[in-house]
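Numbering (numbering that gives the first Met the number 0), first residue to last: 0 to 145.
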Amino acid sequence: MTAAEQNATHGELHALLESWLKSVLAADVEGITRHYTRDILAFDAVKQLQFKGVEAYASHWRACTQMCKETTFEIHELSFEGGGETAFGHYLAYCGGTDDKGQHNASWARVTVCLRREGGQWKIAHEHFSIPFDPATGQLLFDAKP
């Protein structure tokens with residue numbers, strides 16, 4: 000892959016994540032899931048061990064968007080590798096929201112995305128969110144910072 004092709008691919012991948020982020024901040028579940036492959040395998044940090052398929056993940060996103068009146072989601076240190084038909088990326092996410100009582104909660108999470116080109120467009124085929132924990136106490140480290 001030439002440097003120009005790699006730059007173009009990275010531009011496409013960044014644009015995909017920017018578009019996805021706009022949908023997340025708008026709580027637009029259809030917009031969010033439009034960025035995933037039909038066979039997405041997702042490991043989210045909440046609710047259950049894994050989500051198989053875009054319908055299962057859409058249901059999870061609907062529940063997540065209903066928990067918050069106002070959503071906070073920021074992408075930091077985004078990096079991509081790959082080309083051809085597959086790529087992977089990682090970033091730190093600051094995410095949370097304000098509940099119906101006005102309480103705002105947010106924390107840092109680690110995110111990995113694996114992408115596949117389908118029909119000339121990049122789609123997220125695997126997504127993994129995780130929050131670090133203290134193995135001595137079993138407590139999640141919601142106050143961890145980059």
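Positions of the beta carbon are idealized from the N, C-alpha and C atoms, including for glycine.
Straight-line CA distance for residue i to residue j?
| i | j | result |
| --- | --- | --- |
| I31 | V23 | 6 Å |
| Q47 | H59 | 9 Å |
| A86 | V112 | 8 Å |
| A105 | E117 | 34 Å |
| A25 | C94 | 14 Å |
| E126 | T136 | 27 Å |
| N6 | T64 | 34 Å |
| Q120 | H13 | 13 Å |
| I130 | T1 | 36 Å |
| S78 | G10 | 11 Å |
| K100 | P134 | 32 Å |
Quick one: using the 10 Å Cβ neighbour count with 16 as the cut-off for buried, is residue i buried or exposed?
| i | result |
| --- | --- |
| A124 | buried |
| D142 | exposed |
| T8 | buried |
Kindly list the residues whose CB is nearer than 7 Å to the CB of residue i, restricted to its own chain and excluding five residues on each side of it in sequence; keep chain order.
| i | result |
| --- | --- |
| L91 | H75, E76, W107, R109, P145 |
| R115 | T36, E84, T85, K122, A124 |
Can you give me the Cβ contacts of residue i inside the same chain, cut-off strictly under 8 Å, excluding the 5 residues immediately before and after it?
| i | result |
| --- | --- |
| A62 | K46 |
| H34 | L15, S18, W19, S22, K122, I123 |
| F132 | Q138, L139, L140 |
| E73 | A92, Y93, C94 |
Whole-angstrom Cβ separation of residue i and residue j, contact assumed at under 8 Å?
| i | j | result |
| --- | --- | --- |
| F50 | A41 | 4 Å |
| G82 | E4 | 7 Å |
| D98 | C67 | 6 Å |
Determine the contact status of residue i and residue j, defining contact as a CB-CB distance below 9 Å.
| i | j | result |
| --- | --- | --- |
| H103 | E69 | yes |
| V28 | A55 | no |
Using a Cβ-Cβ cut-off of 6 Å (strictly less than) and excluding sequence neighbours within five positions of residue i, which residues of its own chain qualify?
| i | result |
| --- | --- |
| G96 | C67, E69, T70, T71 |
| V53 | T32, Y35, R37, I39 |
| F128 | D43, A44, A108, V110 |
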